[in-house]
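In the numbering used here, the protein residues as written are 26 to 233.
Everything on this sheet refers to the single structure shown next.
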């Protein structure tokens, strides 16, 4: 792991003073809610900055130029999407089906003032809600294998958004399987937080 402390992360990813305060507010809320709602793995609580926040912040330099809006599929505790929005001062659409986690996300939005919309729905229902928001980037962490992830993200990806997905050691197998159903361009970025992980960047996604 390249950074172990909040100060190191803020410096590496050029996080503004205002964004630092909002991120600290987010972490404080997460630690409070974690006592009642399982937002992150209990064993990873002591590593919240070096593992979870780092995992999100490493997406900042990979965002498209002039990125204004992103969406996070299966947002959970808001990692990575909400954290990216807090750090970069951009808008985020958060999709999560667990009501308790949605309540947490809405509390963070209320306390930090981040520009965010929390949708407490199953991902399969996104298009049934009506107009899909225009976004430049789709993010997701620990949600699904790549073929299913591309399907869930299709409402955004087919409009030209790129995908930034956290993946582990099986990324090559997932890529091979995904090419049976999808055409896309991909690039793997070594994870800054996990020696066996990558951030998979996908572009120009369409069905075979």
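From the three backbone atoms N, C-alpha and C, an ideal C-beta is built for every residue, glycine too.
Predicted, not measured: the structure shown is a model, and the values here were computed from it.
Closest to residue i by CA distance: which of the options is it?
| i | options | result |
| --- | --- | --- |
| residue 94 | 71, 77, 141 and 134 | 141 |
| residue 53 | 180, 163, 73 and 68 | 73 |
| residue 195 | 171, 179, 233 and 178 | 171 |
| residue 157 | 182, 114, 67 and 166 | 182 |
| residue 234 | 180, 197 and 202 | The structure shown does not extend to residue 234, since the chain spans only 26 to 233, so no value can be given for it. |
| residue 205 | 184, 233 and 186 | 233 |
| residue 126 | 102, 108, 148 and 114 | 102 |
| residue 177 | 32, 231 and 36 | 231 |
| residue 33 | 75, 44 and 208 | 75 |
| residue 115 | 201, 197, 44 and 35 | 44 |
| residue 78 | 227, 35, 148 and 186 | 35 |
Classify residue i: buried if its beta carbon has 16 or more other beta carbons within 10 angstroms, exposed otherwise.
| i | result |
| --- | --- |
| residue 213 | exposed |
| residue 99 | buried |
| residue 51 | buried |
| residue 60 | exposed |
| residue 220 | exposed |
| residue 47 | buried |
| residue 188 | buried |
| residue 203 | buried |
| residue 26 | Reliability of the predicted coordinates at residue 26 is poor, the pLDDT of 46 falling under 50, and no value is obtained from them. |
Given residue i, which residues of its chain have a CB within under 7 Å of its CB, disregarding the five upstream and five downstream residues?
| i | result |
| --- | --- |
| residue 146 | 120, 122 and 154 |
| residue 192 | 199, 222, 223 and 225 |
| residue 134 | 141 and 143 |
| residue 168 | 98, 99 and 174 |
Less than 8 Å between C-beta atoms, sequence neighbours within five positions excluded: which residues of the same chain meet that for residue i?
| i | result |
| --- | --- |
| residue 38 | 82, 83, 85, 86 and 112 |
| residue 216 | 80, 83, 191, 222, 223 and 224 |
| residue 132 | 54 and 58 |
| residue 197 | none |
| residue 49 | 31 |
| residue 124 | 145 |
Determine which residues share a DSSP beta bridge with residue i and list them.
| i | result |
| --- | --- |
| residue 189 | 164 and 226 |
| residue 117 | 95 and 141 |
| residue 232 | 207 |
| residue 215 | 223 |
Could you tell me how far apart the beta carbons of residue i and residue j are, in whole angstroms, since I believe they sit closer than 8 Å?
| i | j | result |
| --- | --- | --- |
| residue 105 | residue 160 | 14 Å between Cβ atoms; not a contact. |
| residue 56 | residue 129 | Their Cβ separation, rounded to whole angstroms, is 11 Å, which puts residue 56 and residue 129 out of contact at 8 Å. |
| residue 139 | residue 110 | 5 Å |
| residue 117 | residue 96 | 7 Å |
| residue 88 | residue 162 | 6 Å |
Who are the near neighbours of residue i in its chain, counting only those whose CB is closer than 6 Å to its CB and skipping five residues on each side?
| i | result |
| --- | --- |
| residue 152 | 180 |
| residue 40 | 112 |
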